[in-house]
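In what follows, a structure is listed as structure tokens, so that the remarks can point back to it.
Residue numbers (the UniProt record's numbering): 1 to 459.
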């Protein structure tokens with residue numbers, strides 16, 4: 001009968017074991033008996049090493065008998081589950097009768113037989129694994145390899161034992177001359193005493209040398225100091241005589257020049273050339289009416305109560321674009337997306353875009369208007385004002401990177417500044433004018449920042 005399902009514990013290949021029922025049971029009983037003798041109780045030597053009292057022979061015999069009966073009872077109990085298995089498991093060798101054909105077992109009996117055989121073999125392999133400290137089962141190839149490896153280990157340990165034995169014999173054969181050893185120790189002690197004495201002399205000489213060097217250094221320093229003081233005294237005397245005459249003559253002129261330069265410096269510090277050239281303010285005809293932002297007197301915006309011509313608004317836009325161009329050049333700010341073109345009342349801004357072929361195209365966006373009420377006439381003007389806000393936002397961020405404290409007073413989000421829309425189409429004049437006022441306020445803020453940077457560089 002062949003048993004499948006067993007796996008080699010080293011190479012993990014499946015094993016096909018051909019078995020004999022009677023022999024398997026004989027092996028089980030033999031292994032169980034030996035296992036009880038070896039592991040049921042500790043040996044006499046183990047008891048002697050641990051200091052415990054060995055049990056009596058009668059107690060040992062009772063223990064062995066109890067364990068044997070337990071194992072045999074377990075085997076009989078397992079076999080009693082099927083009557084067909086009893087003759088096989090209760091005998092060591094089963095001989096077939098002459099001329100009798102073996103009876104075929106039905107499927108249930110065959111399955112039970114296979115299950116019992118698997119349990120028997122698992123028990124056998126568990127006993128072998130615990131006894132030999134090697135995981136079982138093993139295939140024939142792995143068993144041969146394991147045997148060869150253990151043979152090599154045995155030969156290696158045997159060779160090491162021979163080496164240690166020879167070395168032990170060599171050590172035992174050596175004889176030590178006590179007189180020579182005593183003389184050597186005496187010489188070593190004498191040499192060590194001499195070394196200690198010489199070391200003490202060297203330490204004393206080093207200490208004396210350091211003291212003498214320190215005294216010599218102090219003497220040299222005192223000599224150098226006296227020489228320098230003598231030379232400095234006469235040099236100072238001569239210089240003081242010359243300076244006394246010159247100071248009397250130049251004292252008055254220096255004071256006058258100092259006062260003049262101080263006054264000039266104060267005037268320069270107060271001067272803001274950008275504010276003088278591009279004067280930004282607000283204009284209102286009455287206190288009740290709203291105000292309009294102006295640059296150099298040109299109004300930028302319009303109100304229902306203050307009608308402003310488009311020629312004046314276009315001129316104000318031209319001055320604003322020119323001022324932003326000057327400030328950008330002073331800051332060395334270059335926008336990758338926009339380019340200002342100050343041309344008076346017809347100023348515009350170029351918006352650079354990259355087409356699908358990779359070429360850069362510039363769209364012209366007007367910063368002036370004819371004042372016509374047609375919707376399409378305001379489209380480029382609105383786009384130009386939105387682009388100008390975007391340009392201003394980038395310049396403000398550029399200044400913030402230089403000085404984190406610098407921040408525009410009115411925030412810009414797309415077409416809105418300070419929350420007000422700068423587009424003219426579909427917008428009220430009051431809202432549009434207030435957005436332009438916020439825009440000029442930001443321009444004035446950037447102008448003040450550039451002026452302060454110039455003063456820091458000059459002074």
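In this text, a Cβ means the ideal position worked out from N, Cα and C, and glycines have one as well.
Fill in: Coarse secondary structure for residue 226, derived from DSSP in three states
helix
Practice prompt. Express the C-alpha separation of residue 254 and residue 262 in angstroms, rounding to a whole number.
Written response: 12 Å
Practice prompt. Check each candidate in 118, 108, 450, 438 and name the one with the smallest Cα separation from residue 282.
Written response: 438
Worksheet entry | Beta-carbon proximity of residue 349 to residue 315, cut-off 7 Å | no
Worksheet item: Considering residue 397, what are the terminal residues of the alpha helix (DSSP H) in which it resides?
Response: 379-402
Discussion item. Does residue 447 pass the burial test, meaning 16 or more other C-beta atoms within 10 Å, or should it be called exposed?
Written reply: buried
Fill in: Coil, strand or helix - residue 167 by DSSP
helix
Discussion item. I need the straight-line Cα distance from residue 301 to residue 334, nearest angstrom please.
Written reply: 28 Å
Discussion item. For residue 280, list the residues DSSP reports as bridge partners.
Written reply: 295
Item to complete: Answer yes if the segment 414-432 comes into contact with the segment 294-308, meaning at least three C-beta pairs across the two stretches below 8 Å, and no otherwise.
Response: yes
Worksheet item: Which residue comes first and which comes last in the alpha helix (DSSP H) that contains residue 364?
Response: First-last for residue 364: 360-366, but that is the beta strand (DSSP E), not the alpha helix (DSSP H).
Worksheet entry | residue 11 classed as buried or exposed, judged by whether at least 16 other C-beta atoms fall within 10 angstroms | exposed
Worksheet item: From the DSSP output, which residues share a beta bridge with residue 7?
Response: 14
Worksheet item: According to DSSP, which residues form a beta bridge with residue 421?
Response: 416
Discussion item. Just verifying my parser: in three-state terms, what is the DSSP assignment at residue 303?
Written reply: strand
Worksheet item: So residue 319 packs on residue 292, CB below 8 Å; how close in whole Å?
Response: Actually they do not touch by this definition, with Cβ atoms about 14 Å apart.
Item to complete: For residue 351, count neighbouring C-beta atoms within 10 Å of its own C-beta (all shown protein chains included) and say buried if the count is 16 or more, exposed if not.
Response: buried
Worksheet item: Contact check, residue 321 vs residue 347 under 8 Å by CB: the rounded distance?
Response: 4 Å
Worksheet item: Any idea if residue 384 is buried or exposed, counting beta-carbon neighbours within 10 angstroms, 16 or more meaning buried?
Response: buried
Worksheet entry | residue 330: first and last residue of the uninterrupted alpha helix (DSSP H) it sits in | 310-331
Item to complete: Identify which residue in 6, 14, 454 has its Cα closest to the Cα of residue 268.
Response: 454
Discussion item. Restricting to Cα atoms, I'd like to know which of 235, 123, 382 is closest to residue 416.
Written reply: 382
Worksheet item: Nearest to residue 297 by CA position, among 441, 213, 279, 266, is which residue?
Response: 279
Item to complete: With DSSP as the reference, label residue 354 as helix, strand or coil.
Response: strand
Worksheet item: Do you know how far the Cα of residue 357 is from the Cα of residue 380?
Response: 25 Å
Item to complete: Answer yes or no: do residue 142 and residue 15 have a C-beta to C-beta separation smaller than 7 Å?
Response: no
Practice prompt. Would you identify the three-state DSSP class for residue 349, choosing helix, strand or coil?
Written response: strand
Item to complete: Report the residue from 264, 395, 200, 418 whose alpha carbon sits nearest the alpha carbon of residue 328.
Response: 395
Fill in: 4-residue-minimum alpha helix (DSSP H) runs that sit fully inside the UniProt domain "Atg6/beclin coiled-coil" (137-263), ordered along the chain
140-173
Fill in: Outcome for residue 443 when other beta-carbon atoms lying within 10 angstroms are tallied against a minimum of 16
buried
Discussion item. If distances are taken between C-alpha atoms only, which option among 120, 355, 137 comes closest to residue 8?
Written reply: 137
Practice prompt. Go ahead and label residue 399 buried or exposed: buried means 16 or more other beta carbons lie within 10 angstroms of its beta carbon, across all protein chains shown.
Written response: buried
Worksheet item: Among residues of its own chain, excluding the 5 on either side of residue 371, which ones have a beta-carbon nearer than 6 Å to its beta-carbon?
Response: 310
Discussion item. Using the Cβ count rule (16 or more neighbours within 10 Å means buried), how would you classify residue 230?
Written reply: exposed
Discussion item. Just to confirm my understanding: we take residue 378, look at its own chain, exclude 5 residues before and 5 after, and list those with CB closer than 6 Å. What are they?
Written reply: 424, 425
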